[in-house]
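So the structure is just underneath, and the comments pick up after that.
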Amino acid sequence: MKNSEIFEKDKQNVMQTYGRFPVVIDHGEGATLYSPEGEKYIDFASGIGVNCLGYGNKKWIEAITNQASRLGHISNLFYSEPYVALAEKLTSRAGMKNAFFSNSGAEANEGMIKLARKYSFDKYGRGRSSIITLVNSFHGRTITTLNATGQEHFHQYFFPFTEGFRYAQANSIKSLKEVYDGDVCAVMIELIQGEGGVYPLDKEYVTAVAAFCEENDLLLLVDEVQTGIGRTGTLFAYQQYGIVPDVVSFAKGIAGGLPMGGIMASEKTSAVFGAGDHAATFGGNPICSAAAISVLEQLDEGVLSEVIKKGEYIRSKIEGFGCGNVVTTRGLGLIIGVQLKDASPKEINAKLIANGLLALTAGSDALRLLPPLIISYEEIDQGLEIMKKTLTE
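Residues in the sequence shown are numbered consecutively from 14, following the working numbering.
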């Protein structure tokens, strides 16, 4: 189909829930994408942090193909090898006890919230179920995770929301203590507030939050939907913060482009869920699990160390553009925020895409860059040249 035909069929047959750009993507190689007509795009977005291995990765394709020829799906009433092998690889590298697999980040965060409330109920009974999250956070688009999100503009239209959330200012242990009460069971944080603008939390603050949770028997829940699976240069961002969460959520890059998410529990919380307490029909799907195993096998220490170097390279180049509308960059590894002034991130991003660079926005004042973790320096330089040209037009 021609682009115009795709646009029209989308309009006629698909709910208009996305503000799509007028771009059709047909295929890709590495971190470079192409339209059906052969238009070229350097990818600094990776499907919003999903395509960590880029496009056309032969090992990933082989893992999926081999598994699809054996078993596409079997219900969780039975065992299969792929999800078991994945859980072992993932928990051992993450330093966690066990895992539950779901389909998305919001679903993973829902499971994390449920686990926290059951932990408290089992130990203390009713009346201790509130969860503190942070202002400017983002945790998903379900009825529950929307209200867990600490951004007021998301709390619209879909009333009534699931109750039991209150919000503290990031990087202020004083604010956390002020909103804490005896009905709180957990604190849920993103170590880098991605959707909110790519704001990393201070390490000292995270250490203080972990200590406060320990002192009050609150579960520390870490949302690593966007920062996990190598995005920051370690398998999980918390491994650079010197903490071990009671529960951590993951999704996006875990299966390299197939829908998968989940949570991992520490020793303390590993037995909270029993049979029937939580479930997902497609959780641990064999094909998705095979894809995720391939992702973990390819994200070795060499690749992860390069993620840190590539992130530093990109940030130093952008800060050296000499553009008056670039204030600074922030982030960790290959989650990068580019703060702008006197420029609309949405308008700049639209121009970047028109010029051949796929990027994202975050918060009210920033571009967000989430390139595939395997992006080459040649592709980085091509993308940065487009960005420099666009910002100086």
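Where is the CB? At the ideal position from N, CA and C, for every residue including glycine. Bear in mind that the values here come from a model prediction, so they are computed numbers and not experimental data.
Residue burial classification, residue i (beta-carbon count within 10 angstroms, cutoff 16)
i: Ser-59; result: buried
i: Glu-94; result: exposed
i: Thr-162; result: buried
i: Ala-284; result: exposed
i: Lys-53; result: exposed
i: Met-400; result: buried
i: Phe-263; result: buried
i: Asp-135; result: exposed
i: Asp-473; result: Shown here, the chain extends from 14 to 406; a query on residue 473 therefore has no answer.
i: Phe-178; result: buried
i: Val-63; result: buried
i: Thr-294; result: exposed
i: Phe-91; result: exposed
i: His-86; result: exposed
i: Val-261; result: buried
i: Ala-181; result: buried
i: Ala-224; result: exposed
i: Ile-331; result: buried
i: Gly-297; result: buried
i: Gly-241; result: buried
i: Tyr-170; result: exposed
C-beta contact flag for residue i and residue j at 8 Å
i: Asn-149; j: Gln-239; result: no
i: Gly-118; j: Gly-274; result: yes
i: Ala-268; j: Val-308; result: yes
i: Phe-167; j: Leu-159; result: yes
i: Ile-393; j: Lys-323; result: yes
i: Thr-245; j: Leu-345; result: yes
i: Leu-204; j: Leu-214; result: yes
i: Asn-368; j: Leu-353; result: no
i: Val-219; j: Tyr-193; result: no
i: Ala-375; j: Gly-335; result: no
i: Ala-76; j: Pro-385; result: no
i: Leu-317; j: Gly-243; result: yes
i: Leu-66; j: Gln-311; result: yes
i: Phe-151; j: Gly-209; result: yes
i: Thr-175; j: Ile-156; result: yes
i: Leu-397; j: Ile-327; result: yes
i: Pro-272; j: Asn-116; result: yes
Boundaries of the beta strand (DSSP E) in which residue i is found, first to last residue
i: Gln-395; result: First-last for Gln-395: 390 to 404, but that is the alpha helix (DSSP H), not the beta strand (DSSP E).
i: Gly-344; result: 339 to 345
i: Ile-77; result: Taken as a continuous stretch (DSSP letters only), Ile-77 belongs to no beta strand (DSSP E), being part of the alpha helix (DSSP H) at 71 to 83.
i: Ile-348; result: 348 to 353
i: Ile-202; result: 197 to 202
i: Leu-214; result: Element bounds for Leu-214: n/a, residue is neither H nor E.
i: Asp-56; result: 53 to 56
Continuous alpha helix (DSSP H) stretch holding residue i: start and end
i: Gly-275; result: Gly-275 -> not in any alpha helix (DSSP H); beta strand (DSSP E) instead, spanning 274 to 278.
i: Leu-365; result: 358 to 367
i: Arg-328; result: 314 to 332
i: Asp-135; result: 118 to 137
i: Asn-160; result: 156 to 161
i: Ala-100; result: 94 to 107
i: Asn-149; result: Looking at the DSSP string, Asn-149 is not in any alpha helix (DSSP H), and its letter there is neither H nor E.
Beta-carbon contacts of residue i that lie in its chain and below 8 Å, excluding the five residues immediately before and after
i: Pro-35; result: Asn-16, Phe-20
i: Val-222; result: Ile-186, Leu-189, Val-200, Ile-202, Leu-233
i: Ser-48; result: Asn-16, Val-36, Val-37, Ile-38, Asp-39, Tyr-54
i: Ser-88; result: Thr-294
i: Gly-108; result: Gln-252, Val-257
i: Val-211; result: Ile-205, Arg-343, Gly-344, Ile-348, Ile-349, Gly-350, Ala-375, Gly-376, Ala-379, Arg-381
Cut-off 7 Å between Cβ atoms - residues of its own chain near residue i, not counting five sequence neighbours on either side
i: Lys-110; result: Thr-104, Ala-278, Ser-279, Glu-280, Ser-283
i: Leu-365; result: Ala-372, Ile-399, Met-400, Thr-403
heavy atom of the ligand ATP below 7 Å from residue i C-beta
i: Val-308; result: With respect to small molecules bound, the structure shown includes none, and the ligand ATP cannot be examined in it.
Residues near residue i in its chain [Cβ-Cβ closer than 6 Å; skip 5 each side]
i: Thr-405; result: Cys-336
*Taking three-plus beta-carbon pairs below 8 Å as touching, is the segment 138 to 154 in contact with the segment 191 to 209?*
With a cut-off of 8 Å, the segment 191 to 209 and the segment 138 to 154 count as touching, because enough Cβ pairs lie within range.
*Cβ contact check for the segment 286 to 299 and the segment 244 to 254: 3 or more pairs under 8 Å*: The segment 286 to 299 makes no contact with the segment 244 to 254: fewer than 3 CB pairs, one atom from each, lie closer than 8 Å.
*Please determine if the segment 294 to 304 and the segment 94 to 105 are in contact, where contact requires at least 3 C-beta pairs separated by less than 8 Å.*
Flag = yes, the segment 294 to 304 and the segment 94 to 105 touch.
*Between the segment 65 to 75 and the segment 357 to 365, do at least 3 Cβ pairs fall closer than 8 Å?*
Contact between the segment 65 to 75 and the segment 357 to 365 is absent, because fewer than three Cβ pairs lie under 8 Å.
*Pair every Cβ in the segment 221 to 238 with every Cβ in the segment 116 to 133, then say whether three or more of these pairs are closer than 8 Å.*
Taking 8 Å as the limit for Cβ pairs, the verdict is that the segment 116 to 133 does touch the segment 221 to 238.
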